[in-house]
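Residue numbers (the working numbering): 8 to 187.
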């Protein structure tokens, strides 16, 4: 007869192993734990989203305020540079018994101040010399006259034009030569 084989007894599972076995055996508990975890993540993401939205709205509001201020005070520097011209004109008019020479001298000084203020603010004159090629972007032809110069060139300037930082404010009014 054969002897029965004897297997050693296996040790009893620990409490932790039992809890893990029970937890893995309980799909409802697993699902509820995962649901609670996902709800917490969802709440966190919703909070982050609301904060981001608030940041965007605040940034948009600040940008709108900056644009409004820029529009409101855009001419501040230009006006500031014209104030000395205004002061000179008022001072000249306040002088009693002026001579023609004094008026001319004061007018010339005030004109220099005005030109300087315009140049500081990038307002430049368009005053083409005779013989300059006609440029419809900077010149406006008032009349066409026969001349010995090349066709479509400036003969004379009737009124200066002005530009500010490469943008034409007013084209120069010119007379140009007729085609031969």
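Each residue gets a CB set at the ideal place from its N, CA and C atoms; glycine is no exception. In this text, all values refer to a predicted model and were calculated from it rather than measured experimentally.
(request) Tell me whether residue 60 sits in a helix, a strand or coil according to DSSP, three-state version. (result) Sequence index remark: in the chain shown, residue 60 carries index 53 (1-based). Correct three-state label for residue 60: helix.
(request) Say whether the region 144-154 touches the region 174-187, bearing in mind that this needs 3 or more beta-carbon pairs closer than 8 Å, one atom from each stretch. (result) yes
(message) Strictly by DSSP, which residues pair up with residue 146?
(response) Counting from one through the chain shown, the residue named residue 146 turns up at place 139. Residue 146 pairs with 179.
(message) Is the beta carbon of residue 158 closer than 9 Å to that of residue 117?
(response) In the chain shown, residue 117 corresponds to position 110, counting from 1. In the chain shown, residue 158 corresponds to position 151, counting from 1. Not a contact, by the Cβ cut-off of 9 Å.
(message) Taking the straight line between their C-alpha atoms, what separation do you get for residue 111 and residue 87?
(response) Numbered from 1 along the chain shown, position 104 holds the residue referred to as residue 111. Numbered from 1 along the chain shown, position 80 holds the residue referred to as residue 87. Answer to the nearest angstrom: the Cα atoms are 25 Å apart.
(message) Less than 9 Å between the beta carbons of residue 92 and residue 124, yes or no?
(response) Counting from 1 along the chain shown, the entry for residue 92 is found at position 85. Counting from 1 along the chain shown, the entry for residue 124 is found at position 117. In this structure, residue 124 lies closer than 9 Å to residue 92 by Cβ.
(request) Output the distance between the C-alpha atoms of residue 113 and residue 122, rounded to the nearest integer angstrom. (result) Numbered from its first residue, the chain shown carries residue 113 at position 106. Numbered from its first residue, the chain shown carries residue 122 at position 115. Approximately 14 Å between the Cα atoms of the pair.
(request) Below 8 Å CB to CB, which residues in the same chain sit around residue 130 once its five sequence neighbours on both sides are set aside? (result) Here residue 130 refers to the residue found at position 123 when the chain shown is read from its first residue. Hits under 8 Å: 169, 170, 171 and 176.
(request) Return the first residue and the last residue of the beta strand (DSSP E) that residue 105 is part of. (result) Here residue 105 is taken as the residue at index 98 of the chain shown, counted from 1. Run containing residue 105: none; DSSP gives neither H nor E here.
(message) I'd like to check one pair, residue 132 with residue 161: are the Cβ atoms closer than 9 Å?
(response) Residue mapping note: residue 161 aligns to position 154 of the chain shown, counting from 1. Residue mapping note: residue 132 aligns to position 125 of the chain shown, counting from 1. In this structure, residue 132 does not lie closer than 9 Å to residue 161 by Cβ.
(message) Could you compute how far the alpha carbon of residue 96 sits from the alpha carbon of residue 119?
(response) Here residue 96 is taken as the residue at index 89 of the chain shown, counted from 1. Here residue 119 is taken as the residue at index 112 of the chain shown, counted from 1. For residue 96 and residue 119, the distance between alpha carbons rounds to 12 Å.
(request) Report the rounded CA-to-CA distance for residue 40 versus residue 49, giving the unit in angstroms. (result) Translated into the one-based positions of the chain shown, residue 40 becomes position 33. Translated into the one-based positions of the chain shown, residue 49 becomes position 42. Going by the C-alpha atoms only, they are around 14 Å apart.
(message) At the level of alpha carbons, what is the spacing between residue 80 and residue 74?
(response) Stepping through the chain shown from its first residue, residue 80 is reached at position 73. Stepping through the chain shown from its first residue, residue 74 is reached at position 67. In this structure, the CA atom of residue 80 is about 10 Å from the CA atom of residue 74.
(request) May I ask which residues mark the beginning and end of the beta strand (DSSP E) holding residue 166? (result) Sequence index remark: in the chain shown, residue 166 carries index 159 (1-based). Residue 166 -> beta strand (DSSP E) spans 161-166.
(message) If you reduce the DSSP assignment to three classes, tell me which class residue 151 lands in.
(response) Translated into the one-based positions of the chain shown, residue 151 becomes position 144. Strand, per DSSP.
(message) Can you tell me which residues form a DSSP beta bridge with residue 133?
(response) Position 126 of the chain shown, counted from the first residue, corresponds to residue 133. In the DSSP output, where bridge partners are listed per residue, residue 133 has 168.
(request) Would you identify the three-state DSSP class for residue 184, choosing helix, strand or coil? (result) If you number the chain shown from 1, residue 184 lands on position 177. It is a strand residue.
(request) Starting from the C-beta of residue 167, find all residues in its chain whose C-beta is less than 7 Å away, skip the five residues before and the five after it, and write them out in chain order. (result) Counting from 1 along the chain shown, the entry for residue 167 is found at position 160. When the five nearest sequence neighbours on each side are left out, the beta carbons in the same chain lying within less than 7 Å of the beta carbon of residue 167 are those of 132, 133, 134 and 179, in order along the chain.
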